[in-house]
Structures are given as C-alpha cells and as structure tokens.
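Just so you know, the sequence shown maps onto residues 1 to 283 in the UniProt record's numbering. Glycine is no exception: its CB is placed at the ideal position from the N, C-alpha and C atoms. Comments concern the structure below.
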Amino acid sequence: MSITSRLKQQLFIQAQKVVPQHRLSRVVGKIAASENPVVKTAVISAFKAKYGIDMSIAEQTNALKFKSFNDFFTRGLRTGVRAVDADQGSIVSPADGAISQLGKIENGDVFQAKGQKFTVENLIADPQLAQPFKNGEFATVYLSPRDYHRVHMPFAGTLTETLYVPGELFSVNQTTAENIPGLFARNERMVCLFDTELGRMAVVLVGAMIVAGIETVATGKVKPSGRIELNQHNLFLEKGAELGRFYLGSTAVILFEENKMQWDEKFKANSTVLMGEALGHTV
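Next comes the structure, spelled out in structure tokens:
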C-alpha cells in the first residue's frame, strides 16, 4: 500500500473517532424517514445514481413511488428472484452481500481481519448466552449500500432471546475491519438467539455509521436506550424467513455450535453471496 493510501485510511479512521456518531445517525435517520416529496425524491434519486441500484429485482420497480427513502432502502424483492436452497441440511446466506470472514471460533475468539479479532462473549454481551459458541463456527456477511437490506434466517429455528446492545457506530467496511480492534463487538447491535435442530444459533445484526436503525420481526424497529435490553421470545421461523432489516447498510454475523455444521470450501473472504444461497451444511 502506498504512503498516500495509508494516510487516507488513517484519516478515515480518525475522522470516525471524532465525529458525533449517534447524533449524525439521528439526523440522517430523520431525512431517511421524511415523506416530503421533494426531500425523498432528491435523496432516492441521488442514492440510486451513486450506487447503481438494480430496481428490476424489486417488487416496486419505480424508485420514486416509495413514500420515503427508508421504504426504498428496505424494499422487498420480486417473487422468484431469490431461491432459498431446499436441501434440508443446508445453511444459507442471510442476506445479499459479501463474506467478510468465515470459519472456526478459536477458544472464543472470532477472526475479524488480519491482525484483528473479537471475542464471542463481547459480541453477545452475555457470557452464559455466548458459551455454546466458544469453539463453534461463524460467518460475517457485509451488506453494501447497493444490496438488498433485509436479513433472513440461515436455518430454521425458534427465536428465544433478543439482546439489544448499545455501542459505537463505526463504519463496517474492510478499512475499519482491519484497523478498529473488536469492531463488530463494539458497535451497536441486536443479538438474536435461536434453538434449532443443530443446537444454538445466533444471528447478530450490527449497526454502523449513519445506519438509521435496525428492525426485527420480533421487536419492531429498535429504539436505542443506552442500556443492554434482553427480551424473551418463542417465535419459530423457517429457513429463509425474514428476520429483520437495516435502515442503511451494515453487517450480519452468524454463529453455530461446535461440530454441528461446516462451511462450503468455495467461500472465502470477499466472496459475493445472495440471500438463500447455501453457504454450508450440517454434519
């Protein structure tokens, strides 16, 4: 990497440390939720042009017919454009995006990027709830701004707990993953825990810079409280069923217990994935 590129990276990281992350996200959230025709048309048009959004796969193909930017951003897909792998033993991608990392959890440590890791205890923010995953398997899926932003079930299971964990709001791209220690266990997040035929499973929805909100089917849109909030549930969701959505892009982390499943060897860091595509299988 050139000196100029390295300097740009460091400036990007330092800027995130000094910017009022939550205040900025709240401001963006108000704009994103606005139903003012002038505001929502301007924001949607600019976003669509910048990121080259493919509207042909959406239920509503006319971007300007959405009532707000949030509705546009969390748009549903047209029936048939994503197939959920039908193999009973398959583990599927929870979202469209790219694999940041995947593999084995080593004595509680989850690999983040070269030189960086975080603990599953810190990610889940509860030692007892984290214990089943101490030597299990993980996959981290990054959703870019142009992606479909609903998160789906990687395997069928019963939602038993959701745990809202307050935190920072660093960007979650490759640059920050390589430079911010414990990134995914530092940012605001919603931990969703399940009982499945494979034992325990977790899907963690991680917030990020200017992400205007996280929503799950069990809790509705998260209202940040500044404190950890644990809720009990008893909600069965099929593989591929919608679990939640992001209001602006972020990351989903999947966790499984040890010796219950294995990832397909074709998937590596930076592999592109589609919601419903088989990432691995039960063992």
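Asked, Found
"Residue of TYR148, ARG186 and PHE170 minimising C-alpha distance to LEU123", "ARG186"
"Through-space distance from ASN107 to LEU198, alpha-carbon basis", "20 Å"
"Host alpha helix (DSSP H) of GLN128 (start-end)", "127-130"
"Chain D within 8 Å of GLY103, Cβ atoms only", "In the structure shown, chain D does not exist; there is a single protein chain."
"Proximity of PHE133 and LEU279 at Cβ, strictly below 8 Å", "no"
"Spatially closest choice to ALA130 from ALA83, PHE184 and LEU193, by CA coordinates", "LEU193"
"Under the three-state DSSP convention, the category LEU123 falls into", "helix"
"Own chain partners of GLU35 with C-beta closer than 8 Å, once the 5 adjacent residues on each side are dropped", "LYS67 and SER68"
"Reference VAL141; option with closest CA among THR162, GLN101 and ILE180", "GLN101"
"Delimiting residues of the beta strand (DSSP E) encompassing TYR247", "242-247"
"The region 232-239 / the region 150-162 touching (three or more Cβ pairs under 8 Å)", "yes"
"Per-residue burial, VAL206 [other beta carbons within 10 Å of its own, 16 or more giving buried]", "buried"
"Contacting residues, own chain, Cβ-Cβ under 6 Å from PRO20 (five flanking each side not counted)", "Residue confidence is low: PRO20 scores 47 on pLDDT, short of 50, so the model does not pin down where it sits. Its coordinate-derived value is still stated next. Closer than 6 Å at the Cβ level, and outside the excluded window around PRO20, lies no residue."
"Beta-carbon spacing of LEU248, VAL151 below 8 Å", "no"
"Beta-ladder partner(s) of GLY103, from DSSP", "PHE138"
"PHE133 in three-state terms, based on DSSP", "helix"
"Given 8 Å, three or more beta-carbon pairs between the region 256-274 and the region 85-96", "yes"
"8 Å Cβ cutoff met for GLU215 and ARG245", "yes"
"Buried versus exposed call for GLU137 [16 or more other C-beta atoms within 10 Å across all chains shown]", "buried"
"3 or more residues per run - each beta strand (DSSP E) lying fully within the region 158-225", "189-196, 199-206 and 213-216"
"Per-residue DSSP class, three states only, for ALA49", "helix"
"Rounded C-alpha distance that separates LEU163 from VAL222", "11 Å"
"For LYS104 and VAL120, the rounded distance between their alpha carbons", "12 Å"
"Cα-Cα separation between VAL135 and LYS50, rounded to whole angstroms", "It is Asn, not Val, that sits at residue 135 in the sequence shown. Cα to Cα, the separation comes out at about 41 Å."
"Range covered by the alpha helix (DSSP H) that runs through PHE69", "69-73"
"Rounded separation between GLY76 and SER56 - CA only", "11 Å"
"Start and end residues, beta strand (DSSP E) containing ASN62", "Per DSSP, ASN62 belongs to no beta strand (DSSP E) and is neither H nor E."
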